[in-house]
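A.B. asks:
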Amino acid sequence: MERVGMPEEERQAGPVLPTSLESDSSKRSSWGFLVTGVVGGALLTVYAVATPFITPALRKVCLPFVPATSKQVENVVKMLRHRRGPLVDIGSGDGRIVIAAAKEGFPAVGYELNPWLVWYSRYRAWRAGVHGSAKFYISDLWKVTFAQYSNVVIFGVPQMMPQLEKKLELELEDGARVIACRFPFPRWTPDHTTGEGIDTVWAYDMSARRGRGGRLNREKNLSETVGLPASSSETQSKLLDVE
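No gaps in the numbering here: position 131 of the sequence shown is 131 in UniProt numbering, and each next residue is one more.
#1: In terms of residue numbering, what span does the beta strand (DSSP E) encompassing lysine 78 cover?
#2: For tryptophan 202, is the classification buried or exposed, using 16 other Cβ atoms within 10 angstroms of its Cβ as the cut-off for buried?
#3: Are the beta-carbon atoms of alanine 134 and isoleucine 99 separated by less than 7 Å?
#4: Between the region 75-89 and the region 114-130, are three or more C-beta pairs nearer than 8 Å?
#5: Using beta-carbon positions only, say whether phenylalanine 136 and serine 150 come within less than 7 Å of one another.
#6: Which value, in whole angstroms, describes the spacing of the CA atoms of phenylalanine 146 and phenylalanine 65?
#7: Counting beta carbon pairs with one atom in the region 189-203 and one in the region 173-181, are three or more of them shorter than 8 Å?
#8: Just the C-alpha distance for valine 157 and glycine 197, rounded to the nearest angstrom, thanks.
#9: Residues in its own chain within less than 8 Å of glutamine 148 by CB, not counting five upstream and five downstream?
#10: Going by beta carbon distance, what residues of the same chain come within less than 6 Å of glycine 105, once the five residues before and after it are set aside?
#11: Excluding sequence positions up to five away, which residues of its chain have a Cβ less than 6 Å from the Cβ of valine 118?
#12: Nearest by alpha-carbon distance to valine 152: which of Lys71, Thr69, Met206 and Pro67 is it?
#13: So if DSSP puts valine 109 in a beta bridge, which residue, or which two residues, is it bridged to?
#14: Hey, could you find the ends of the alpha helix (DSSP H) alanine 101 is sitting in?
#15: Pull up the distance between the alpha-carbon of glycine 132 and that of glycine 95, whole angstroms please.
#16: Would you mind giving the Cβ-Cβ distance between arginine 187 and glutamate 165, rounded to the nearest angstrom? I have them listed as a contact below 8 Å.
#17: Pick helix, strand or coil for tyrosine 149, following the three-state DSSP scheme.
#18: Tell me the rounded alpha-carbon separation between leucine 141 and alanine 101.
#19: To the nearest angstrom, how far is it from the Cα of valine 77 to the Cα of valine 109?
#20: CA-CA distance, leucine 170 and phenylalanine 185?
#21: Under the assumption that residue 248 contacts threonine 194 (Cβ atoms under 8 Å), give the Cβ distance between them as a whole number of angstroms.
#22: Can you tell which of Lys103, Val73 and Leu80 has the C-alpha that lies nearest to the C-alpha of glycine 93?
#23: So the candidates are Lys103, Pro67 and Gln163; which of them puts its Cα closest to the Cα of alanine 128?
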């Protein structure tokens, strides 16, 4: 049955939706895009923040971020009494060791692979008023040379200690002191120990590690590492210049 009195165009177009329904549909579509964007942005943010914390667990030698306790910081500072010279914290985390050392008058540097922790450490150093003497860098500890530091602090894990022990023995000067927290080095005998349980701190003096002739032995080991003869004084002098 044909609808009477209706223009031909309207009969062909079919029923027309009310304007209010079209508006509601448009609003729902806009909200859908907004919610999708917010959820997607949140997931990307979580991924960007979490990845630097998760990635270390996938490495062959994992050094996870575990904040130092106030007692551990106190014990490290105790081992630094009567010491001088620059300090480095290997795997500096949120910067509390470096900041504590800077407050004691040490020029202190922290190396950390997690960029978020480095930026946070710089902020904390600024808040503490020691940003001039407390520096933080994004770097892999195995790609850094520690020869210029007189005091070395490490919160390590058992898997990395043997390799780090060899690296430090090659690079550090005789007057340097290494302070290990949580886990001691496997071969070295500590010269000083303080604290109990997880707060235990071990201090190793490189001069005691090498004993008599230790400097020459170090030069010999270093020359063997770079593939040079250690017999001549000229070669030894060049090695010292390289350091």
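No residue lacks a Cβ here, since even glycine has one placed at the ideal position from N, Cα and C.
C.D. replies: Let's see:
#1: On the sequence shown, position 78 is the one that residue 78 refers to. Where lysine 78 is concerned, there is no enclosing beta strand (DSSP E), although the alpha helix (DSSP H) it sits in stretches over 70-79.
#2: Counted from its first residue, the sequence shown places residue 202 at position 202. It counts as buried.
#3: The residue you call residue 134 lines up with position 134 of the sequence shown. The residue you call residue 99 lines up with position 99 of the sequence shown. In contact: alanine 134 and isoleucine 99 (Cβ atoms closer than 7 Å).
#4: no
#5: Indexing the sequence shown from 1 puts residue 136 at position 136. Indexing the sequence shown from 1 puts residue 150 at position 150. In this structure, serine 150 does not lie closer than 7 Å to phenylalanine 136 by Cβ.
#6: For this step, residue 146 is matched to residue 146 along the sequence shown. For this step, residue 65 is matched to residue 65 along the sequence shown. Answer to the nearest angstrom: the Cα atoms are 21 Å apart.
#7: yes
#8: By one-based count along the sequence shown, residue 157 stands at place 157. By one-based count along the sequence shown, residue 197 stands at place 197. Answer to the nearest angstrom: the Cα atoms are 15 Å apart.
#9: Along the sequence shown, read from residue 1 onward, the residue named residue 148 stands at position 148. Once the five neighbours on either side are set aside, the close Cβ partners of glutamine 148 are Pro86.
#10: As a first step, residue 105 is located in the sequence shown; it is residue number 105 there, counting from the start. Here the set comprises nothing.
#11: Along the sequence shown, one-based indexing puts residue 118 at 118. Only Glu112, Phe136 and Ile138 meet the Cβ criterion.
#12: Working through the sequence shown from its first residue, we reach residue 152 at position 152. Ranked by Cα distance from valine 152, the options Lys71, Thr69, Met206 and Pro67 are led by Met206.
#13: For the purposes of this step, residue 109 is taken as the residue at position 109 of the sequence shown. Paired residues: Val88 and Lys135.
#14: Position 101 of the sequence shown holds residue 101. Here the alpha helix (DSSP H) through alanine 101 covers 96-103.
#15: For this step, residue 132 is matched to residue 132 along the sequence shown. For this step, residue 95 is matched to residue 95 along the sequence shown. If I take the Cα positions, the gap works out to 14 Å.
#16: If you number the sequence shown from 1, residue 187 lands on position 187. If you number the sequence shown from 1, residue 165 lands on position 165. Contact flag correct, Cβ pair sits at about 6 Å.
#17: Counting from one through the sequence shown, the residue named residue 149 turns up at place 149. Coil.
#18: Numbered from its first residue, the sequence shown carries residue 141 at position 141. Numbered from its first residue, the sequence shown carries residue 101 at position 101. The straight-line gap from Cα to Cα measures roughly 19 Å.
#19: Counting from one through the sequence shown, the residue named residue 77 turns up at place 77. Counting from one through the sequence shown, the residue named residue 109 turns up at place 109. Looking at the two C-alpha atoms, the distance is approximately 15 Å.
#20: In the sequence shown, counting from the first residue as 1, residue 170 sits at position 170. In the sequence shown, counting from the first residue as 1, residue 185 sits at position 185. Cα-Cα distance, rounded: 15 Å.
#21: Nothing can be reported for residue 248: it is not among the residues displayed for the chain, which extend from 1 to 243.
#22: Counting from one through the sequence shown, the residue named residue 93 turns up at place 93. It is Val73 whose Cα lies nearest to the Cα of glycine 93.
#23: The residue given as residue 128 occupies position 128 in the sequence shown. Per the Cα distances, Lys103.
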